[in-house]
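Have a look at the structure below before the remarks.
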Amino acid sequence: MKKIKIGTRGSKLALAQAKIVEELLKNSFPDVGVEIVVIKTQGDKILDKPLAEIGDKGLFVNEFESALLSGEIDIAVHSAKDLPSDLRSGLEVVCTPPRADERDVLVVRKNSGKVLVVGTSSPRREFYIKKYFPEAEVKMIRGNIDTRLSKLANGEYDAIVLAKAGLDRLGIEFGDSDIFEFRAFDADKFVPAACQGIIAVEARNDFEFKHEMSKINDDRTYRQYKIEREALKYLQVSCSEINGVYSKFLDDNTIEILLMYRGKEVRTLGEYSKVFVEIPQLVAQIKS
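Residue numbers (my numbering): 399 to 686.
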């Protein structure tokens with residue numbers, strides 16, 4: 399039996415995302431075996447510094463791309479927002495399953511009183527926390543979701559900011575906790591990171607099942623992925639810069655794009671077929 403080896407990080411969230419892809423593959427390719435291969439990245443090993451101090455998004459991707467090119471794995475499952483602007487030669491994103499909720503969530507420790515200390519390592523999230531909670535101190539936090547929630551429960555923070563997609567994929571329900579209160583931000587007021595909530599499946603250009611991967615691809619999500627990545631390419635930003643990108647389909651051909659750069663926001667509404675021509679103009683406008 400032929401086998402597809404799926405590369406993933408070892409956190410609960412990364413494994414949950416790999417399991418989503420695994421189930422889709424099993425349903426679409428019943429005659430092909432599937433194996434999950436856990437790979438530890440440099441970004442998983444350094445947890446005491448903000449990403450901006452130790453590198454860029456490649457910290458979560460480099461080991462996977464080497465494993466893909468060597469044939470150790472056949473596909474890699476990523477949180478699309480962790481992908482660097484350019485993939486290595488010979489590699490591409492071959493599909494994106496349906497997007498999860500793109501919003502950010504403020505997780506507050508119940509009975510903590512005022513929100514005075516908020517944990518995040520994201521400049522974008524720090525910007526919005528200071529905007530909506532001007533009295534709060536923003537304190538750096540790294541680690542997986544369980545680690546961050548444990549630090550919150552222990553009283554190291556009054557609140558932390560997490561992606562709702564991650565909470566949903568781990569089955570953490572908003573109404574089930576006796577310890578935490580969850581407050582989801584509107585994406586229009588707290589612009590998400592580009593491709594937040596999207597799973598990207600990366601493979602070699604010559605991957606045997608490359609064309610068949612369309613069976614597990616969600617076309618609308620893939621188009622959002624392409625649009626938001628295109629906006630990032632023109633923004634030319636690093637992990638240390640404040641930025642956000644979000645696109646929303648109003649119907650199959652009408653899409654709204656919202657860009658945030660250094661606290662300034664611009665948006666456009668139009669036909670999908672014309673979006674890629676408009677993005678450079680939007681970026682020029684927001685950077686002017």
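Using N, Cα and C, we set each Cβ at its ideal position, and we do this for glycine too.
From a predicted model like this one, the values you see are computed outputs, not experimental measurements.
Would you mind stating whether residue i and residue j have Cβ atoms separated by less than 8 Å?
i, j, result
"Val505", "Ala534", "no"
"Ala465", "Gly405", "yes"
"Asp663", "Val589", "According to the sequence shown, residue 663 is Glu rather than Asp. It is a contact, given that the beta carbons lie within the stated cut-off."
"Gly517", "Tyr555", "yes"
"Cys593", "Tyr623", "yes"
"Ile596", "Val419", "no"
"Arg665", "Glu654", "yes"
"Ser519", "Ile539", "yes"
"Gly488", "Asn603", "yes"
"Asp480", "Val513", "no"
"Phe605", "Val492", "yes"
"Ala551", "Ile577", "yes"
"Val435", "Lys424", "no"
"Pro496", "Asp616", "yes"
"Ser638", "Pro532", "no"
"Ile471", "Lys403", "yes"
"Phe647", "Arg627", "no"
"Val475", "Val673", "no"
"Arg486", "Ile437", "no"
So for residue i, helix, strand or coil by DSSP?
i, result
"Asn460", "helix"
"Arg507", "strand"
"Tyr530", "helix"
"Ile677", "helix"
"Ala561", "strand"
"Met399", "coil"
"Phe427", "coil"
"Glu606", "coil"
"Met611", "helix"
"Ala416", "helix"
"Phe572", "coil"
"Phe588", "coil"
"Arg501", "coil"
"Arg407", "coil"
"Arg523", "helix"
"Lys512", "coil"
"Leu688", "This structure leaves residue 688 out entirely; the chain is present only between 399 and 686."
"Glu421", "helix"
"Ile577", "coil"
"Lys685", "helix"
"Ile437", "coil"
"Ile543", "helix"
By alpha-carbon positions, which one of the options ends up nearest to residue i?
i, options, result
"Ser483", "Tyr632, Pro428, Asp650", "Tyr632"
"Glu463", "Ala416, Tyr623, Ala601", "Ala601"
"Phe427", "Ala585, Glu669, Lys608", "Lys608"
"Asp429", "Leu485, Lys400, His476", "Lys400"
"Val681", "Gly469, Asp566, Val459, Leu630", "Leu630"
"Gly541", "Lys672, Ile434, Thr439", "Thr439"
"Tyr530", "Arg581, Ala498, Pro678", "Arg581"
"Ala412", "Leu568, Met611, Cys493, Tyr670", "Leu568"
"Glu524", "Val536, Lys562, Pro532", "Val536"
"Ala585", "Glu500, Arg407, Ile684", "Glu500"
"Arg507", "Phe647, Ser548, Arg618", "Ser548"
"Gly668", "Ile625, Lys685, Ser636, Val635", "Ile625"
"Asp502", "Asn651, Val599, Leu565", "Leu565"
"Ile684", "Phe583, Leu648, Asn651, Val635", "Val635"
"Ile473", "Gln415, Asn509, Lys528", "Gln415"
"Glu579", "Asn651, Ala557, Thr494, Ala498", "Ala557"
"Gly526", "Asn651, Ala591, Phe572, Leu485", "The displayed chain sequence assigns Tyr, not Gly, to residue 526. Per the Cα distances, Ala591."
"Lys613", "Leu422, Lys417, Gly408, Arg407", "Leu422"
"Tyr670", "Pro678, Lys417, Asp650, Leu485", "Asp650"
"Thr494", "Arg546, Phe572, Met611", "Met611"
"Asn509", "Gly553, Ser409, Pro678, Ala498", "Gly553"
"Ser409", "Arg546, Phe583, Thr652", "Arg546"
Looking at the ligand MG, does it come within less than 7 Å of residue i, judged from the CB to the closest heavy atom?
i, result
"Ala563", "With respect to small molecules bound, the structure shown includes none, and the ligand MG cannot be examined in it."
- Query: Does the pairing of the segment 629 to 644 with the segment 656 to 667 give three or more beta-carbon distances under 8 Å?
  - Reply: With a cut-off of 8 Å, the segment 656 to 667 and the segment 629 to 644 count as touching, because enough Cβ pairs lie within range.
- Could I get the ranges of all uninterrupted beta strand (DSSP E) runs contained in the segment 596 to 672, with 3 residues as the minimum, in chain order? Those beta strand (DSSP E) runs which fall completely within the segment 596 to 672 and span 3+ residues are 597 to 602, 641 to 647, 652 to 659, 662 to 669.
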